[in-house]
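Residue numbering for the sequence shown follows my numbering, beginning at 236 and increasing consecutively.
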Amino acid sequence: MPTAVTAFIRDETGATAVEYGLMVALISTAIVIVVAAIGVSMATIYQNIAETISP
């Protein structure tokens, strides 16, 4: 039984999938933050343009 537990603890076959999952989560979070920041900035720019154009 101890050898089975030791083999299970030393098994690293799922480590790569977990690492890829963490990288995808980090990149997705960064994209959401950037898009949100750009969206607010673009809304301000378009609002200024609309105020300038409107009579």
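No residue lacks a Cβ here, since even glycine has one placed at the ideal position from N, Cα and C.
Note that this is a predicted model, so its numbers are computed, not measured.
- Counting along the chain, the unbroken alpha helix (DSSP H) around G274 starts and ends at 250 to 288.
- If you draw a straight line from the Cα of T251 to the Cα of T287, it is about 54 Å long.
- Rounded to whole angstroms, the separation of the alpha carbons of N283 and S263 is 30 Å.
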